[in-house]
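Numbering-wise, the sequence shown is residues 440 to 783 according to this note's numbering.
Note that beta-carbon positions come from the ideal geometry of N, C-alpha and C, so glycine has one too.
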Amino acid sequence: MAFFRQELAIDLGTANTVIFKDDQVILDEPSIIALETKTDKLVAIGNEAQLMEEFTPPRLYTIRPLMNGVIADYDAAEKMLTGFINKAIGRKTGLARSVFKPALKIVIGIPGGSTPVDMRSIRDSSSHAGAHDLYMIYEPMASAMGIGIDVTEPNGNMIVDIGGGTTEIAVISLGGIIESSSIHVAGNEITTDIIDYMNQQHNISIGRTTAEHIKFSVGSVLPELPQEEEPAPFVVEGKNIVTAHPATASISYSEISACIDKTITKIESEIIKVLQRTPPELYSNIVRNGIWLAGGGSLLRGIAKRFTDKVNIQFRVAEDPLKAVARGTCLALKGTDRYPFLMK
Ligand SMILES: Nc1ncnc2c1ncn2[C@@H]1O[C@H](COP(=O)(O)OP(=O)(O)OP(=O)(O)O)[C@@H](O)[C@H]1O
Ligand SMILES: [Mg+2]
Numbered sequence: 440m441a442f443f444r445q446e447l448a449i450d451l452g453t454a455n456t457v458i459f460k461d462d463q464v465i466l467d468e469p470s471i472i473a474l475e476t477k478t479d480k481l482v483a484i485g486n487e488a489q490l491m492e493e494f495t496p497p498r499l500y501t502i503r504p505l506m507n508g509v510i511a512d513y514d515a516a517e518k519m520l521t522g523f524i525n526k527a528i529g530r531k532t533g534l535a536r537s538v539f540k541p542a543l544k545i546v547i548g549i550p551g552g553s554t555p556v557d558m559r560s561i562r563d564s565s566s567h568a569g570a571h572d573l574y575m576i577y578e579p580m581a582s583a584m585g586i587g588i589d590v591t592e593p594n595g596n597m598i599v600d601i602g603g604g605t606t607e608i609a610v611i612s613l614g615g616i617i618e619s620s621s622i623h624v625a626g627n628e629i630t631t632d633i634i635d636y637m638n639q640q641h642n643i644s645i646g647r648t649t650a651e652h653i654k655f656s657v658g659s660v661l662p663e664l665p666q667e668e669e670p671a672p673f674v675v676e677g678k679n680i681v682t683a684h685p686a687t688a689s690i691s692y693s694e695i696s697a698c699i700d701k702t703i704t705k706i707e708s709e710i711i712k713v714l715q716r717t718p719p720e721l722y723s724n725i726v727r728n729g730i731w732l733a734g735g736g737s738l739l740r741g742i743a744k745r746f747t748d749k750v751n752i753q754f755r756v757a758e759d760p761l762k763a764v765a766r767g768t769c770l771a772l773k774g775t776d777r778y779p780f781l782m783k
């Protein structure tokens, strides 16, 4: 019975956590919590905690428990996961928890580069968060499934998932990952590039929240975009680093493409390295199938075109790329008896 047995598919990302239940997104919030400094008591979680980020008085602090896709702060991660799971299954208080203890089956995505220690901390914190039946799936496998690829066929497909903390590149065939790379160069580094650029070129000091706004509004990896894709310049309001006077600057997408170029080039080079290691038959499949982009970083304007021109293989951005992993994890949840690549 649904009430006693609940099933969740979770993408616990460095930047965002997405949870599917009954084939629907039931939770999509930033991976952050706010705690009381003295007691470490949970004050807020997800969206609510993000509003407090960079605004906390000494009595409170916010923390993002994942770094580079894996758990960096175990206690905080457990608090966050428990909070998100409770929200997803509508479990409110400790009392409700003890009265209604639904059997909880969970499939959770883990980065391709997870170590046994990383896997263990996911397993432990999920079990403390109430999971009775836990399966783990490598995130590139999940995003491939989420994109709609039949991962069990003898057919090579390449996925590039540019998340917050990591970019995962993987070649998948016959239900396995044949070649892969996981680098700690992704959305967070792009945000840092923008902060540094505003500092150095415009003498304006901005926080991460403002830098992310700039990235979403005028983020581009090409200095010239087709006219219909060109965003209007973004007006930044910040603080002059020398005078401390209020300062404004109008930032164009071409400026952003220049300031994040080095970081994008690192991702490009890593894709090429993985292609170099890919066996020839699988390589031919990839040339025919094209390469899929997923994760929030794939929303940068011009990215498919830039990579296609660089690598000479067609790149495409997945539909709703921020949810590809969670969607695939949700498909895996329905076939836990069928998919040998799921890990207990
Ligand atoms: N429209 C956008 N343009 C550019 N970047 C974006 C956009 N939307 C989201 N991002 C960036 O995407 C990143 C988050 O992506 P995603 O949710 O896929 O990461 P994650 O799964 O939480 O992280 P990881 O996979 O590294 O654990 C953030 O760095 C965010 O700033
Ligand atoms: Mg991710």
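At the C-beta level, Lys526 and Leu474 stay beyond 9 Å of one another. Around the CB of Asp759, fewer than 16 other CB atoms lie within 10 Å, so the residue is classed as exposed. Distances from the CA of Met782 to each of Met558, Val624 and Thr453 were compared; the closest alpha carbon is that of Met558. Taking the Cβ of Val750 as the reference point, every heavy atom of ligand 1 lies at 8 Å or farther away. Phe780 is positioned such that its CB atom lies no closer than 9 Å to that of Val599. Gln445 is the residue among Ile510, Gly508, Gln445 and Val556 whose C-alpha sits nearest the C-alpha of Ile524. It is roughly 40 Å from the alpha-carbon of His571 to the alpha-carbon of Lys705. Assignment of Thr775 by DSSP, reduced to helix, strand and coil, places it in the coil class. Of the heavy atoms belonging to ligand 2, at least one sits nearer than 8 Å to the Cβ of Asp600. If the five residues before and after Phe443 are omitted, its C-beta is found closer than 7 Å to the C-beta atoms of Pro541 and Ala542, all from its own chain and listed in chain order. Note on the stretch 652-724: whole beta strand (DSSP E) runs with a minimum of 3 residues are 673-679 and 685-690, in chain order. Listed in chain order, the non-local C-beta contacts of Arg498 below 6 Å within the same chain comprise Thr476, local neighbours out to five positions each way being set aside.
Per DSSP, the continuous beta strand (DSSP E) segment holding Asn455 begins and ends at Asn455 to Lys460.
Contact between Val681 and Asn638 fails: their C-beta atoms lie close to 11 Å from each other, not under 8 Å. Ala683 and Ala650 have their C-alpha atoms some 18 Å from each other. The beta carbon of Thr687 lies closer than 7 Å to those of Val674, Val675 and Glu676 in the same chain, with the five residues before and after it left out. With three or more CB-CB distances shorter than 8 Å, the stretch 448-461 counts as touching the stretch 543-551. DSSP, reduced to helix, strand and coil, places Val624 outside both helices and strands of the structure shown, so it counts as coil. Within the stretch 538-625, complete beta strand (DSSP E) segments of at least 3 residues are found at 542-549, 572-577, 596-601, 606-612 and 615-622, given in chain order. Gly595 is not a Cβ neighbour of Gly767, given a cutoff of 9 Å. In the three-state reduction of the DSSP assignment, Thr747 falls in the helix class. Assigned with DSSP and collapsed to three states, Arg444 falls in strand.
The beta carbon of Ile510 sits closer than 8 Å to the beta carbons of Pro504, Ala516, Asp557, Ser560, Ile561 and Ser564 from its chain, once the five residues preceding and following it are set aside; these are given in chain order. Here DSSP, grouped into helix, strand and coil, assigns Ile645 to coil. Per the DSSP secondary-structure output, Leu770 pairs with nothing in a beta bridge. Thr648 has its CB no nearer than 8 Å to any heavy atom of ligand 1. Per the coordinates, the alpha-carbon of Ile472 lies some 15 Å from the alpha-carbon of Val457.
Ligand 1 has a heavy atom closer than 8 Å to the beta-carbon of Ser470. Bounds of the beta strand (DSSP E) holding Gln463 are Gln463 to Pro469. In the three-state reduction of the DSSP assignment, Ala473 falls in the strand class.
Per DSSP, the beta bridge partners of Val509 are Met506. In the DSSP assignment, Ala488 falls within the unbroken alpha helix (DSSP H) covering Asn486 to Met491.
Distance from the C-beta of Asp462 to the nearest heavy atom of ligand 1 is not below 8 Å. Between Val610 and Arg745, the C-beta spacing is not below 9 Å.
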